[in-house]
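Position one of the sequence shown corresponds to residue 4 (the working numbering), numbered consecutively onward. Following: one structure in structure tokens, then a few remarks.
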Amino acid sequence: MPLSRLAILAVVALAAGPAPAQTTAPEPIGIALEGFRYPHPVAYLPVTHGGESLRMAYMDVAPTGPANGRSVLLLHGRNFPASYWEPVAKALSGAGYRVVIPDQLGFGKSAKPGTHVTFDDMARNTAALLDRLGIASADVVAHSMGGMLGVRFTRSYPAKAGRLVLQAPIGLEDYRFYVPPVETEHLVEQERALTADGYRRQLLSNYRLSDPAQVEPYVELRERIRDSGEYERWLRSFAGSYQAIYREPVAHEIPLIETPVLFVMGARDNNAPGRPLAPEPLRARMGQNAKLAGDLAARMKNARATIYEEAGHMVHLDAEARFNQEVLRFLAGG
4 MPLSRLAILA VVALAAGPAP AQTTAPEPIG IALEGFRYPH PVAYLPVTHG GESLRMAYMD
64 VAPTGPANGR SVLLLHGRNF PASYWEPVAK ALSGAGYRVV IPDQLGFGKS AKPGTHVTFD
124 DMARNTAALL DRLGIASADV VAHSMGGMLG VRFTRSYPAK AGRLVLQAPI GLEDYRFYVP
184 PVETEHLVEQ ERALTADGYR RQLLSNYRLS DPAQVEPYVE LRERIRDSGE YERWLRSFAG
244 SYQAIYREPV AHEIPLIETP VLFVMGARDN NAPGRPLAPE PLRARMGQNA KLAGDLAARM
304 KNARATIYEE AGHMVHLDAE ARFNQEVLRF LAGG
């Protein structure tokens, strides 16, 4: 009996295998990362900035091991939401620490102000958060841009800051010595023109990650924000944060810190904000971060620098177990 046309089509379909899965672009996400999951419940601190009533997001993680009565403040970098601290928060809470992880204004789940946020603003908001939580003093672990904030916070509120871990911080040099001023509007247009692939290449080039897959969640998140109806507000807030890095150097303050300081540096990390804007002859002199950290530590009362040969800018992900052990040992007085 001859096969019907439908039967023939069915046989051809079976021979060809299953149809390829439909791929769809990720759904847009709001600039406060609504719907983007954080590893712990998120609460909000009301703050006022530039006449705006805003909210600062944070996670307050209770100890999972026997409580030691101490708290640690984790300060994020410019390109990352506070959620990326989860491996460090897990190690700290397991060792008995209360862990407070804020998103600074302009980042993560916090509000995106219409005016620039300075490191002084961030330090003041962070101090207010500790007051809100009834924490008199906290040790500080800070990464990248958060390292600049960690320095400013420690200098501005020494009674609230204990030991300070600076993980691959930027700001170990004064970028004004190399890079000319740039208008925020130019930065906005530069960021607007950056494609997903361009952003991916930028992160891989600047951060020298041991695992390139580490950047993908942040590339996807940025693309989802791009499709938000409030993308322009996010864009201006993000571009404005460069001005805080450029205009508010902390390199000259670091040697004045008297609390114990541990620099944890990746040998492969040569990140230097603004390098593409610097004159060509000066670019090679920027971002010698491991050396800069060692030189600064040698000038300080109570500081040391440790270099991870295998790591780039994301030390707490490139060398997770070693980093966590070293931080715990340092916080314990080692």
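Idealized CB from N, CA, C, for every residue including glycine.
{"Asked": "Would you report the Cα separation of residue 48 and residue 283, rounded to the nearest angstrom?", "Found": "44 Å"}
{"Asked": "Tell me which residues share the same chain as residue 202 and place their Cβ nearer than 7 Å to its Cβ, disregarding the 5 neighbours each side in the sequence.", "Found": "222, 225"}
{"Asked": "Three or more beta-carbon pairs under 8 Å between the segment 39-46 and the segment 167-179, yes or no?", "Found": "no"}
{"Asked": "Given a threshold of 16 other Cβ atoms within 10 Å of its Cβ, counted over all protein chains shown, does residue 155 qualify as buried or as exposed?", "Found": "buried"}
{"Asked": "Look up residue 231 in the DSSP assignment and say whether it is helix, strand or coil.", "Found": "coil"}
{"Asked": "Using a Cβ distance threshold of 8 Å, determine whether the segment 300-317 contacts the segment 232-242, with at least three qualifying pairs required.", "Found": "no"}
{"Asked": "Just to confirm before moving on: does the CB-CB distance between residue 401 and residue 292 stay below 8 Å?", "Found": "Nothing about residue 401 can be reported from this structure: the residues present for the chain run from 4 to 337 only."}
{"Asked": "Rounded to a whole number of angstroms, what is the C-alpha to C-alpha distance between residue 337 and residue 31?", "Found": "46 Å"}
{"Asked": "How should residue 328 be labelled, buried or exposed, when 16 other C-beta atoms within 10 angstroms of its C-beta is the threshold for buried?", "Found": "exposed"}
{"Asked": "So the alpha helix (DSSP H) residue 252 belongs to, where does it begin and stop?", "Found": "Element bounds for residue 252: n/a, residue is neither H nor E."}
{"Asked": "Tell me whether the beta-carbon of residue 375 lies closer than 8 Å to the beta-carbon of residue 74.", "Found": "This structure cannot speak to residue 375, because the chain is shown only from 4 to 337."}
{"Asked": "From 38, 70, 100, 116, pick the residue whose C-alpha is nearest to that of residue 58; which is it?", "Found": "116"}
{"Asked": "Would you mind sorting residue 81 into buried or exposed? The rule is 16 or more other CB atoms within 10 Å of its CB.", "Found": "buried"}
{"Asked": "Name the one or two DSSP bridge partners that residue 169 has.", "Found": "145, 266"}
{"Asked": "Run the CB neighbour count on residue 68, radius 10 Å, all protein chains shown included, and call it buried at 16 or more, exposed below.", "Found": "exposed"}
{"Asked": "Helix, strand or coil, according to DSSP, for residue 159 in the structure here?", "Found": "helix"}
{"Asked": "Going residue by residue through the segment 61-133, where are the continuous beta strand (DSSP E) segments of at least 3 residues, counting only ones entirely within it?", "Found": "74-78, 101-105"}
{"Asked": "Taking residue 290 as the reference, give the member of 307, 271, 306, 308 with the closest Cα.", "Found": "271"}
{"Asked": "In three-state terms, what does DSSP make of residue 59?", "Found": "strand"}
{"Asked": "Please list, in chain order, all residues of the same chain as residue 107 whose beta carbon is under 6 Å from its beta carbon, the five residues on each side excluded.", "Found": "125"}
{"Asked": "Using the Cα positions of residue 195 and residue 33, report the straight-line distance between them to the nearest angstrom.", "Found": "17 Å"}
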